[in-house]
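Asks: Residue numbers (our numbering), protein chains in the order written: chain E, 1 to 414; chain C, 1001 to 1414.
Where is the CB? At the ideal position from N, CA and C, for every residue including glycine.
Source: prediction; values computed, not measured.
The structure is given below, and queries will be raised subsequently.
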């Protein structure tokens, strides 16, 4: 039997109670919890692998694709890597208690805007069981209780991993929703009295399913339709290196480029060499008329290609008349994730920086740097393309709220 | 006819287009817009009053309460005050372009976390037509386009006020949803492709109606069930002044106190005088058994009173055994708005500050200071009790998002 309707609420209520204790837990105690979780992952590796084998067998019987089976698979090396990641998170600075801002009011009141945990964070994820531990570690370090809801294909693996984390964490701080159905998801997403934030990690289908029912505030680690724009004044060698890196270094991730835009003045000089290099790297090219006039081997781009996150070695290529046309194209078709301009012209860089509406705007750099690790945040739970609260990498600080602490000497309002 | 289904989307689409231009509008131009709006409000006062008179007549015919009629009423003085508020907002610092954080990565990339407008903000409000202009001015100053949806009782007044703002603002930047029905509200609240934030300003009914349908991220200016806790080590004169101020200075607002908690060690010394002063100020008192043992004139408190935002001269009073019991009470019954402790003891102050989960925690000061004006934010669109994005006063900065601007020299990821 799946978890009954009542028990999702019960899990959340237990997490809420735990969150009160976690909020004031000293950093050293939180770090000790994380190290104990890492130790337990190593000690209990055989148990984890056994549970994982049961998931894998069920997955093969259910006809899961090779890609999904790979994402589901754990081995000793992967478990050791998960444990190492937990220790890395323990080593990060504690965001709780940071004073973000502080000032004295004219009446003498001292105001300190101080970072606090959010409280209870729910994470809904698909396939990869390592997320169970990564998400729990990030939430515990930031003083939050966590309610996990993984996919049904990883039920056995997630159960063991969550049990390991729960055993080492303060009582109630790590909760796992046992049922994998849409009903449990809807119930979790409507616990706005008990859950402060819900983060879906998965495809657009999961996000859509949640948007329609959620009353809990949501931040989604969203898709990225990212662009590289090569300006008239670009260093063309740097531009070629950047689009190659952005498209091919890891094509299946959200900060990979999906569209190359080139200013008409350099299209003739830039495109033949760049497209050859991209093709040699295995990239399928789809271009507009002006691109195809330069390189007839390029396939015809479809209107929908401009809006597609290929997550594969496919690239849409277009020629534009100006930096403004590039900005307009990016704002119309982009998903607000990571957008790059390559230029030597100050005015073009400034126009692009100011005009593009995205979490990360790059000047003469690859879009691939949008990442909590690269940004020095240490670890992330995803990249947000929303504009509220967290935009870009969601690290420990983004898993926090704040409170104003106001100190007076008997102050009353006149 | 009310606005048709299509046209809410059309309004939002026009606002989205305008938001692109607003995002890069220089501060001086935004301020000039605001001063032109203030001028036009004064110039067109007769027209506003005429429209308002039609709303008032319709309201009286519909049997609106005196309180609602008062909230709906404009006169020359009130219009002049609205215009003055617009000029005050023009005088505030522009939040757009502020660099919130900045650092150089080990690879030499320079990252600047820079404040940007959110884009399109929808404000849904009840009765008071002045919100039309206040909200529009705050959004324009922070570089956002605004979609307004007022109550049907203020249709005529809002139409004139919104037209005045729209005429002076960049084309499309100020939109008013004409229809006041739930259908238009639901359509507005599900424009997640076009609207970045929706702020309800009104009662719990409006909030609930929105939570259930909204797919647009929401921040609500919420209710406040605020507490004053008088600790064993409190200066009892200061404590009396603070609870009097917090309860009676303006009882109908969200940062007024609704519950007084007193440590048992000072209940006998504190309560008789404090309750007398409160009663003399017209406050109806409802206490627990220990309070009534000290002052039998106090009525019996009902369980539901602890959870009630009276917004009136009514106060629940309880005796607690410890600061921890006070903290637990506040976290169980409070709405996370504004909570105060009165104490001379460092340990109690620190426990309360760390343990209470609220937007604003006061030590030896009245809860009444939670206010954008008091905090030096200049103006606010409400006070948030949510934990994401904005908590406490929602001022110009809270109406903003940010982007990471990353500057390199041909950087690619290895």
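1. Report the residues of the region 1242 to 1275 of chain C with a CB closer than 7 angstroms to any CB of chain E, ordered along the chain.
2. So, using beta-carbon positions, are residue 1395 of chain C and residue 1309 of chain C closer together than 9 angstroms?
3. Where do the ends of the alpha helix (DSSP H) carrying residue 1046 of chain C lie?
4. Check this for me: beta carbons of residue 1323 of chain C and residue 1263 of chain C, under 9 angstroms apart or not?
5. Could you check which residue in E/130, E/102, E/63 and E/178 has the C-alpha nearest to that of residue 435 of chain E?
6. Sort out for me which residues DSSP pairs residue 1144 of chain C with in a bridge.
7. Which residue or residues does DSSP assign as beta-bridge partners of residue 1116 of chain C?
8. Specify, as a first and last residue, the run of the alpha helix (DSSP H) that residue 1355 of chain C falls within.
9. Name, going along the chain, the residues of the region 1378 to 1410 of chain C whose beta-carbon falls closer than 7 angstroms to a beta-carbon of chain E.
10. Output needed for residue 206 of chain E: all residues of its chain with C-beta closer than 8 angstroms, excluding positions within five of it in sequence on either side, in chain order.
11. Can you list, in chain order, the residues of its chain with a C-beta nearer than 6 angstroms to that of residue 1121 of chain C? Leave out the 5 residues immediately preceding and following it.
12. Rounded to whole angstroms, what's the CA-CA distance from residue 1104 of chain C to residue 1044 of chain C? Just pull it up for me.
13. Cα separation between residue 72 of chain E and residue 1350 of chain C?
14. Checking 9 angstroms against the spacing of the C-beta atoms, do residue 119 of chain E and residue 19 of chain E come in under that value?
15. Which partner residues does residue 384 of chain E have in the DSSP bridge list?
16. How is residue 103 of chain E classed by DSSP in three states: helix, strand or coil?
17. From residue 326 of chain E to residue 261 of chain E, what distance separates their C-alpha atoms?
18. According to DSSP, is residue 1205 of chain C part of a helix, a strand, or is it coil?
19. Do residue 1038 of chain C and residue 1084 of chain C have their C-beta atoms closer together than 9 angstroms?
20. Spatial neighbours of residue 1336 of chain C within its chain, please: C-beta separation below 7 angstroms, excluding the five flanking residues on both sides.
21. Based on the DSSP output, what are the partners of residue 318 of chain E in its beta bridges?
22. Run through DSSP, which three-state label would residue 1121 of chain C get?
23. Please name the residues in the region 16 to 49 of chain E whose beta-carbon is closer than 9 angstroms to at least one beta-carbon of chain C, in chain order.
24. Determine the closest residue to residue 46 of chain E out of E/29, E/78 and E/60, with distance taken between C-alpha atoms.
25. Using the Cβ count rule (16 or more neighbours within 10 Å means buried), how would you classify residue 1370 of chain C?
26. For residue 1201 of chain C and chain E, any beta-carbon pair shorter than 9 angstroms?
27. Interface residues of chain E around residue 1375 of chain C at Cβ under 8 angstroms?
28. Closer than 9 angstroms, CB to CB, is residue 329 of chain E near chain C or not?
29. Where residue 1117 of chain C and residue 1024 of chain C are concerned, what is the direct C-alpha to C-alpha distance, given to the nearest angstrom?
30. Can you name the residues of chain C whose CB is closer than 8 angstroms to the CB of residue 335 of chain E?
31. Check the C-beta distance from residue 1410 of chain C over to residue 242 of chain E and give it rounded, since I have them as a contact under 8 angstroms.
32. Between residue 1321 of chain C and residue 1265 of chain C, what straight-line distance do the alpha-carbon atoms span, to the nearest angstrom?
33. For residue 1282 of chain C, which residues of its own chain have a beta-carbon under 6 angstroms away from its beta-carbon, when the five flanking residues on both sides are left out?
34. Could you tell me whether the Cβ atoms of residue 256 of chain E and residue 332 of chain E are closer together than 9 angstroms?
35. Identify whether residue 1379 of chain C lies in helix, strand or coil by the three-state DSSP scheme.
36. Would you say residue 172 of chain E faces chain C, with C-beta separation under 9 angstroms as the test?
Replies: Inspection of the coordinates gives the following:
1. 1242, 1245 and 1249
2. As a working mapping, residue 1395 of chain C is identified with position 395 in the second chain. As a working mapping, residue 1309 of chain C is identified with position 309 in the second chain. The answer is no: Cβ separation not under 9 angstroms.
3. As a first step, residue 1046 of chain C is located in the second chain; it is residue number 46 there, counting from the start. Start and end: 1045 to 1061.
4. In the second chain, counting from the first residue as 1, residue 1323 of chain C sits at position 323. In the second chain, counting from the first residue as 1, residue 1263 of chain C sits at position 263. Contact check for residue 1323 of chain C against residue 1263 of chain C passes: the beta carbons are separated by less than 9 angstroms.
5. Residue 435 of chain E lies beyond the range of chain E shown here (1 to 414); nothing can be said about it.
6. Reading the second chain from its first residue, position 144 is the one you call residue 1144 of chain C. Beta-bridge pairing links residue 1144 of chain C to no other residue.
7. Taking the second chain and counting its residues from 1, the one referred to as residue 1116 of chain C is at position 116. Answer is C/1401, bridged to residue 1116 of chain C.
8. Within the second chain, residue 1355 of chain C is the residue found at index 355, counting from 1. Per DSSP, residue 1355 of chain C belongs to the alpha helix (DSSP H) from 1346 to 1355.
9. The residues in question are 1386, 1387, 1388, 1389, 1391, 1392, 1401, 1402, 1403, 1404, 1405, 1406, 1407, 1408, 1409 and 1410.
10. Within the first chain, the letter at position 206 stands for residue 206 of chain E. So the list reads 124, 126 and 200, once near-sequence residues are dropped.
11. The residue you call residue 1121 of chain C lines up with position 121 of the second chain. Taken in chain order, the residues that qualify are 1139, 1144, 1146 and 1197.
12. Within the second chain, the letter at position 104 stands for residue 1104 of chain C. Within the second chain, the letter at position 44 stands for residue 1044 of chain C. Spanning the two alpha carbons is a distance of roughly 53 angstroms.
13. Counting from 1 along the first chain, the entry for residue 72 of chain E is found at position 72. Counting from 1 along the second chain, the entry for residue 1350 of chain C is found at position 350. So the two alpha carbons sit approximately 46 angstroms from each other.
14. Looking up residue 119 of chain E in the first chain gives position 119. Looking up residue 19 of chain E in the first chain gives position 19. In this structure, residue 19 of chain E lies closer than 9 angstroms to residue 119 of chain E by Cβ.
15. In the first chain, the residue the question calls residue 384 of chain E occupies position 384. Beta-bridge pairing by DSSP links residue 384 of chain E to E/221 and E/392.
16. Here residue 103 of chain E refers to the residue found at position 103 of the first chain. Strand.
17. In the first chain, residue 326 of chain E corresponds to position 326, counting from 1. In the first chain, residue 261 of chain E corresponds to position 261, counting from 1. Computed Cα separation, rounded: 7 angstroms.
18. Taking the second chain and counting its residues from 1, one reaches residue 1205 of chain C at position 205. Reduced to three states, the DSSP call for residue 1205 of chain C is helix.
19. Looking up residue 1038 of chain C in the second chain gives position 38. Looking up residue 1084 of chain C in the second chain gives position 84. Closer than 9 angstroms, so yes.
20. For the purposes of this step, residue 1336 of chain C is identified with residue 336 of the second chain, where counting begins at 1. If we look at residue 1336 of chain C and ignore the five residues flanking it on each side, its Cβ neighbours are 1357, 1358, 1359 and 1385.
21. Taking the first chain and counting its residues from 1, one reaches residue 318 of chain E at position 318. E/261, per the DSSP bridge assignment.
22. Position 121 of the second chain holds residue 1121 of chain C. Residue state, collapsed to three classes: strand.
23. 19, 20, 23 and 24
24. Taking the first residue of the first chain as position 1, residue 46 of chain E is located at position 46. Cα-wise, what sits closest to residue 46 of chain E is E/78.
25. Numbered from its first residue, the second chain carries residue 1370 of chain C at position 370. Buried.
26. Here residue 1201 of chain C corresponds to residue number 201 of the second chain, with the count starting at 1. Output row for residue 1201 of chain C: interface = no.
27. Here residue 1375 of chain C is taken as the residue at index 375 of the second chain, counted from 1. The contacting residues are 105, 111 and 404.
28. Sequence index remark: in the first chain, residue 329 of chain E carries index 329 (1-based). For residue 329 of chain E, the answer is no, since every Cβ of chain C falls outside 9 angstroms of its Cβ.
29. Working through the second chain from its first residue, we reach residue 1117 of chain C at position 117. Working through the second chain from its first residue, we reach residue 1024 of chain C at position 24. Each residue's Cα considered, the two are about 9 angstroms apart.
30. Within the first chain, numbered from 1, the residue matching residue 335 of chain E stands at position 335. Residues of chain C passing the Cβ test: none, with the nearest at roughly 11 angstroms.
31. Reading the second chain from its first residue, position 410 is the one you call residue 1410 of chain C. Reading the first chain from its first residue, position 242 is the one you call residue 242 of chain E. The Cβ separation is near 7 angstroms, so the contact holds.
32. The count along the second chain starts at 1 and reaches residue 1321 of chain C at position 321. The count along the second chain starts at 1 and reaches residue 1265 of chain C at position 265. Between residue 1321 of chain C and residue 1265 of chain C, the C-alpha separation is close to 8 angstroms.
33. Working through the second chain from its first residue, we reach residue 1282 of chain C at position 282. Correct list, in chain order: 1313.
34. Position 256 of the first chain, counting from 1, holds the residue named residue 256 of chain E. Position 332 of the first chain, counting from 1, holds the residue named residue 332 of chain E. Against a cut-off of 9 angstroms, the Cβ pair of residue 332 of chain E and residue 256 of chain E comes out as no contact.
35. The count along the second chain starts at 1 and reaches residue 1379 of chain C at position 379. Note: residue 1379 of chain C maps to coil in three-state DSSP.
36. Position 172 of the first chain, counted from the first residue, corresponds to residue 172 of chain E. No, residue 172 of chain E does not count as interfacial toward chain C.
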